[in-house]
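39 is the number that this note's numbering gives to position 39 of the sequence shown; each next residue is one higher, with no gaps.
Idealized CB from N, CA, C, for every residue including glycine.
Quick caveat, the model's predicted, so the values are computed rather than measured.
One structure is given below, encoded as structure tokens.
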Amino acid sequence: MKYIRNLITILLLTGALALQGQAQNTEQTTKEAADVEKEIAVIETNHGTMEIEFFREDAPKTVENFVQHAKNGYYNGVLFHRVIKGFMIQGGDPTGTGRGGESIYGARFDDEIDSSSDLYTKIGYTRGIMAMANAGPNTNGSQFFIMHADYALPPNYTIFGRVINGIETVDAIANVKTQPGDRPVEDVVMKSVTIK
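In structure tokens:
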């Protein structure tokens, strides 16, 4: 009888410890998922700093592309090579020509656009929104643009984030003097792009 009681006690303790470990794993997984969702990009330029929140749920592959490029230092020293006041600022091409850049996936990747979603029907390409620049459907690489003002673009560019701090930096960049081709006369440099 004493043997059975000890066996039951051991089984109950083992079960309790297993449940406790499972609960801790669930809490850790939930915390890790929350941390990924809260990722913020900090873009430090020679005209100020801005912070970007991501729409990972709407554009997971696009967000991952940007985040990994940032973590790898890909954008550090890269220019905002195209600036149109009242429209947008564009960067992310390491060649600075507007024709370069690649994705973390080794090639161009597909758009992540659901033109019927609230992101496109209610928010759209409004001031502070960040979207992928492309050369046509499904040609995303590393280039992106940030809206300086609300602008009625067709839903052809994957929206994946928005400025939450530092919109005045977008304004400062949008107001630089440009030359033909919308290229700034003086370089507008992303000194660093980090993820926090």
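Cβ-based neighbour list, residue i, same chain, cut-off 7 Å, excluding 5 preceding and 5 following
i: K196; result: I40 and V42
i: S117; result: D58
i: G86; result: H148 and A149
Contact with chain D by residue i, beta-carbon distance below 9 Å
i: F80; result: Although the question refers to chain D, the structure presented lacks it and comprises just one protein chain.
Straight-line Cα distance separating residue j from residue i
i: K61; j: E112; result: 8 Å
i: Y151; j: T121; result: 13 Å
i: N140; j: H81; result: 17 Å
i: T97; j: Q179; result: 14 Å
i: G91; j: Q143; result: 6 Å
i: T95; j: N156; result: 24 Å
i: M50; j: L153; result: 23 Å
i: E186; j: T45; result: 13 Å
i: M88; j: K38; result: 25 Å
i: T30; j: A135; result: Caution applies to T30, whose pLDDT of 45 falls short of 50 and renders its modelled position unreliable; the value that the coordinates give is listed next. Distance between the alpha carbons of T30 and A135: 38 Å.
i: V193; j: H69; result: 9 Å
i: N165; j: G100; result: 28 Å
i: K191; j: Y75; result: 8 Å
Any non-hydrogen atom of the ligand MN closer than 8 Å to residue i Cβ
i: E53; result: With respect to the ligand MN, the structure offers nothing, as it holds no ligand at all.
Extent of the continuous alpha helix (DSSP H) run through residue i
i: K177; result: Element bounds for K177: n/a, residue is neither H nor E.
i: F66; result: P60 to K71
9 Å Cβ cutoff met for residue i and residue j
i: Y199; j: N65; result: One cannot answer for residue 199 here, as it falls past the ends of the chain, which runs 1 to 196.
i: V176; j: G77; result: no
i: I52; j: H148; result: no
i: S103; j: F109; result: yes
Residue range of the unbroken beta strand (DSSP E) whose run includes residue i
i: G161; result: I159 to N165
i: K191; result: M190 to I195
i: H81; result: F80 to I84
i: G91; result: M88 to G91
i: I52; result: G48 to F54
i: V185; result: Unbroken run through V185: none, as it is neither H nor E.
i: T45; result: I40 to T45
i: A107; result: Segment: none, A107 is in no beta strand (DSSP E) and carries neither H nor E.
i: A129; result: Looking at the sequence itself, residue 129 is Ile, so the reference to Ala does not match. Note, I129: beta strand (DSSP E), I129 to M132.
Close-in-space but distant-in-sequence residues of the same chain around residue i (CB under 8 Å, 5 per side omitted)
i: H47; result: T169, A172, I173, V176 and V188
i: R183; result: H81, R82 and V83
Sequence-distant residues of the same chain with beta carbon closer than 6 Å to residue i, five excluded per side
i: V63; result: F54, R56 and F160
Three CB pairs or more closer than 8 Å across the segment 157-170 and the segment 124-144: yes
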